[in-house]
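Here's the structure, in structure tokens; my notes come after.
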Amino acid sequence: GAGGKGVWGAPGMVYEAEEPDVRDPNYDEAAQVLLKELNLGQHKYEFTSVAVSLSLEGKASHRELTSRLLSDLSGKMLTQGDMAHAFDKMVKELPDLILDTPEAPQMNLLLKEYLISGDVSEAEHCLRDLEVPHFHHELVYEGFQRVYDELHEICLDVPHAHPIMEAFVDLCYQESVITKQLRDACPFRQRKRVVTGDAPPHSRRDERPAALNRKEKKKKPDIGKLFINISIGLCIFSLIWFFYAIYMRSSLSKRVVTLHTSPRVLDANSTTAEVSSERFWGSYRPQVYFGMKTRSPRSVVTDANSSPFSFCYPYRDDVDASTLSPGLEKLTDIVKLSLNRRFVYSPPSGEKRHYIGVDTYKPPHHQNQQKPADPRKESDFVVHQVTVQTPFQIEVLFESGSFYNRPNQLVGSIMTQELERRKAEFNVKFEKIFGLESKGFSQTYIKFAKAALSNMLGGMGYFYGESVVQSVYNEYPILYPEGALFTAVPSRSFFPRGFLWDEGFHQLLLSKWDPQLTREAIGHWFDLMNIEGWIPREQILGDEARSKVPAEFIVQRNENANPPTLFLALQELIGQLSSRSDEAASKPTLPFLRRLFPRLKTWFQWYNTTQKGPKPNSYRWRGRDKDTNLYLNPKTLTSGLDDYPRASHPSADERHVDLHCWMALSSGIMASIAQLLGEPHEDYKLLHDVLRDNNLLNDLHWSEQLHAFSDYGNHTQNVSLQREKVYVPPGQPRHQFPVARLVRSVRRAPKLQYVNALGYVSLFPFLLQILQPDSPKLEHILRDMRDPNKLWTPFGLRSLSKTDPLYMERNTEHDPPYWRGPVWININYLAVRALYHYGNTEGPYQEKAADVYKELRTNIINNVYMQYVETGYIWEQYNDSTGRGQGSHPFTGWSSLTVLMMAEHY
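Quick note on numbering: the sequence shown equals residues 1 to 906 in full-length UniProt numbering.
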């Protein structure tokens, strides 16, 4: 019962209840003390029989722990006589034990059932349900032994069964599937050998075989035996296939954490001080005030709040991990446990008064816990507290030892002069790139635009750690390989981590300011790609990042995608390369694309295969919520549009128009990059031409009923959230029964049809400029965009039409509407960008597009600016009725694209 590798669960497995740690030095002693306190006397043997009986009624892990416990107590608290007495009693009660443990013979029955049905997945499911990983070898032994016993019969129907079996057994032994003993037990084929000197007697020429002297009676074949032999042959094949399937599943389970094999896009030293000294230090810890660190995995990190400044080394290579202080994710608890009221403030004039300050940190000490000796000579955590009266001004200086020979420290007037010089450089560069003064914007608008860009730049973070991932071949989540990510974040306080589809929008702005930042960010994202071509869509790297994310969002699954918006940033880099090829900032783009291309091909191929739809050249987002009972409309987080209405009943028959358009855009950019690099580009160009074919788009996604592009799937609009009924017997207190939840009520059965939800998804053929300028569908889109009863507001385009049944409806009891009405700046930027394109392209709707462009651009810029002036924040989204900012703030991620609309840079 001791078990072996994997008994305690797969890597990353989280148990609901904490199991006792058998490595705890107090573990055995505590069990012995408890047993002594029971004072069982001569009935001590009863402990063993009761423990075994209870464990048989529990899980396999309970039996494993009971086995370890009895092993540890044997010879210490339980004598050999006690154990013998207990097991003698259990043998007498064996029939009752078998009745209480019906799964005991299931290992043998499992194999028999598999040999009959041949269902590998069902056999594997049953094997996992047994929860006896330390007895899996019994299944292997039983399967091989069955074949060994019947091999002589199998040879009658399969003459080559012996060599096939010998080869298979040798292969299984080499792959450590079976033991040497089981390999040697394989029966070998009997071969007749002629010993030297012994010759078979010569037959006499005149002798004729007896068979020829008489007519032999023809034998009737034994049909039953023939059927049995054929069945055994099929069993051998099924068994081989079964073990092959297990081997392949084991191999496939590792692919999700196997990094891409092509050379990394970025050199391992690309962020070091030697290579990039100007960017080595920065505000790369965006989730805290004064979150300074270096772009290195084991950096000193700093932060500040209303009382202390802290400097912390999260890891030291020369210190054993068991001696480290608690991680950064426990910083709040550390500070709370360090607060003390004993401090007294004595101002030059006025009364003395007590205040709460940070005192010596005293970690909580549990009873019976010995305090280990700390071998560290230096602290890895420093808190410096400054007590001031407002108003005040303070300077904090931190310099590494490498600058011991610097002539001046960055303090006082020297610091002020350096800041003024940098500000002047920033202002000159800002006007040169965006030209807002030349466009007639006032200084207050320009100040707002500078703040938006500065906050996005200041929100770029350097993260290092492991994601938690899972594939369909992993029973439990596992850790992704450690990696670094240099990326912008949507919100420095609320979303301080990397989001794949946000990052493409971030880099549209940052690539205008500094193309090298964009190349580095994209390179970091692609260096996190696994061998399949999958990039985890949300980068939650390390314990500190995980401490800020709800548990249900931590695990990243490798079948789930996100809109490939990084192609938008790559499109911008290509445009800069062609228009500003002589500039120093653009020259590194071509070698960068060459290093990126092998991974870029795999990434595109991953989208094109894993997100395929039910019909040729259609696409479907994976990862929709499957619990249709609780959601008014199951969310599609992978699309980036979360609760935007899709088919009411998720199914494999869905077709998503926004993903179709993303693939059309991506294939075109892939063709451009391949052609630029001299790589084969014909296949990408062909796919691009197919996907942007307006006739195909109309066939797959145009709804004549809605006169708009739409998703397709198993759908009904007759759904609502209703309070479930909970029966309470008369006279019973209500609080003892479950709280009535809001659950979905379906009043009409769904059917395959267009979803007919007018909103952002309907606009994607227009947003990504897939529609031809003369397409009649463009007229319908422009009319719906400008209709105040549908998408138009004085503050930008709302995400869902006011006429839709789900407009501003909650998705669950606890989920307010998110993409069901509010104005989002990233999609409005795409709309303004598309209007600019169609307004400057000859066609029947050119003038209409140009008019809507001017009006929509003005509305968005004015509202985002006014909300910034009133609140001091740029917001995640804006109310479609009042224009007020709402959601998380500050949100200087894609909402900062307002700067590009002001500059008319598309």
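C-beta atoms are modelled at their ideal positions from N, C-alpha and C, and glycine is treated no differently.
All figures in this text were calculated on a predicted structure; none of them were measured in a lab.
What distance in whole Å lies between the Cβ atoms of A757 and L800, which are believed to be in contact at a cut-off of 8 Å?
Indeed they touch by this definition, with Cβ atoms about 7 Å apart.
Select from P634, I535 and S881 the residue whose C-alpha is nearest the C-alpha of N789.
Nearest option by C-alpha distance: S881.
Enumerate in chain order the residues of its own chain whose CB-to-CB distance from S203 is below 7 Å, with the five nearest sequence positions on each side excluded.
The pLDDT assigned to S203 is 44, lower than 50, so where the model puts this residue is not dependable; a value taken from the coordinates is nonetheless given after this. Around S203: no qualifying Cβ.
In its own chain, which residues sit with a C-beta less than 6 Å from the C-beta of G613, not counting the 5 before and 5 after it?
Excluding residues within five positions, the ones whose Cβ falls inside 6 Å are Y619, R620 and R655.
Within a Cβ cutoff of 7 Å, which residues of the same chain sit near residue 964, ignoring the five residues on either side of it in sequence?
Not covered by the structure: residue 964. The range shown for the chain is 1 to 906.
State buried or exposed for P816, treating a residue as buried only when at least 16 other CB atoms are found within 10 Å of its CB.
Exposed.
With A304 as the anchor, note down where its alpha helix (DSSP H) starts and where it stops.
Premise fails: A304 lies in the beta strand (DSSP E), V301 to A304, not in any alpha helix (DSSP H).
Beta-carbon within less than 6 Å of Q470's beta-carbon, same chain only, minus the 5 sequence neighbours each way: which residues are those?
The answer, listed in chain order, is P477, V555 and R557.
Could you check the C-alpha separation between P187 and E153 for me, to the nearest Å?
Approximately 12 Å between the Cα atoms of the pair.
So L485 is in the alpha helix (DSSP H); what residue range does that whole segment cover?
Here L485 belongs to no alpha helix (DSSP H); instead the beta strand (DSSP E) covers G483 to T487.
Buried or exposed for T859, please, with buried defined as at least 16 other CB atoms from any protein chain shown within 10 angstroms of its CB.
Per the sequence shown, the amino acid found at residue 859 is Asn instead of Thr. Burial call: buried.
Which whole-angstrom value describes the C-beta separation of R580 and P286, a residue pair presumed to lie in contact below a C-beta threshold of 8 Å?
Contact flag wrong, Cβ pair sits at about 30 Å.
Can you tell me whether T360 is buried or exposed, with buried defined as 16 or more other CB within 10 angstroms of its CB?
With fewer than 16 Cβ atoms within 10 Å of its Cβ, T360 is classed as exposed.
Write down the C-beta distance between F486 and H524 rounded to the nearest angstrom, noting that I regard them as a contact closer than 8 Å.
Rounded, the Cβ-Cβ distance is 5 Å, consistent with contact.
Please classify W241 as buried or exposed, where buried requires at least 16 neighbouring CB atoms within 10 angstroms.
Classification of W241: exposed, given that the 10 Å Cβ count is below 16.
Report buried or exposed for Q705, applying the criterion of at least 16 other Cβ atoms within 10 angstroms of its Cβ.
Burial call: exposed.
Between the segment 537-553 and the segment 270-278, can you find at least three pairs of beta-carbon atoms closer than 8 Å?
Result no; under three Cβ-Cβ pairs closer than 8 Å.
According to DSSP, simplified to helix, strand and coil, what is residue 915?
Since the first residue shown for the chain is 1 and the last is 906, residue 915 is missing from the structure and cannot be characterised.
May I ask which residues mark the beginning and end of the beta strand (DSSP E) holding H354?
Residues R353 to V358.
Which parts of the segment 808-855 are runs of the alpha helix (DSSP H), unbroken and 4 residues or longer, counting only runs that do not cross its ends?
You should have 825-839.
Evaluate contact between the segment 691-701 and the segment 651-665, counting only Cβ atoms and requiring at least three cross-stretch pairs below 8 Å.
Because the criterion of three Cβ pairs below 8 Å is met, the segment 691-701 and the segment 651-665 touch.
Just to confirm, is the Cβ distance from A903 to G575 under 8 Å?
Not in contact: A903 and G575 (Cβ atoms no closer than 8 Å).
Going along the chain, which residues of its own chain have a beta-carbon closer than 7 Å to the beta-carbon of N562, five neighbours each way excluded?
These residues qualify, in order along the chain: L500, W501, R537, T638 and G640.
Which of the three DSSP states, helix, strand or coil, is assigned to N714?
DSSP places N714 in strand when its eight states are reduced to three.
Would you kindly report the start and end of the unbroken alpha helix (DSSP H) that includes L659?
Its alpha helix (DSSP H) spans residues V657 to L677.
Would you mind giving the Cβ-Cβ distance between F553 and L677, rounded to the nearest angstrom? I have them listed as a contact below 8 Å.
Not a contact, Cβ separation roughly 37 Å.
Taking the runs of the alpha helix (DSSP H) that are 4 residues or longer, which of them lie wholly in the segment 429-494?
Entirely contained in the segment 429-494, the alpha helix (DSSP H) runs reaching 4 residues are, in chain order, 443-458.
For H649, which option in D689, S745, E779 and L573 has the closest C-alpha, if you only look at C-alpha atoms?
The shortest Cα separation from H649 among D689, S745, E779 and L573 belongs to S745.
Can you tell me whether R68 is helix, strand or coil according to DSSP?
In the structure shown, R68 sits in a helix (DSSP, three-state: H, G or I).
Name the two residues that bound the continuous beta strand (DSSP E) containing Q753.
Unbroken beta strand (DSSP E) run through Q753: K751 to Y754.
For H152, does the three-state DSSP call read helix, strand or coil?
Helix, per DSSP.
Please work out which residues of its chain come closer than 6 Å, Cβ to Cβ, to R353, disregarding the five sequence neighbours upstream and downstream, and give them in chain order.
Hits under 6 Å: Y345.
Quick check on DSSP: helix, strand or coil for Y727?
Looking at Y727 - three-state DSSP - the assignment turns out to be coil, as it is neither helix nor strand.
Whether or not the segment 404-421 and the segment 827-837 are in contact is what I'm after, with contact meaning three or more pairs of Cβ atoms, one per stretch, closer than 8 Å; do they touch?
With a cut-off of 8 Å, the segment 404-421 and the segment 827-837 do not count as touching, because too few Cβ pairs lie within range.
Check V335 in the structure and name its three-state DSSP category.
Residue state, collapsed to three classes: helix.
Taking the Cβ atom as the reference point for each residue, do W875 and G887 lie within a distance shorter than 8 Å?
The answer is yes: Cβ separation under 8 Å.
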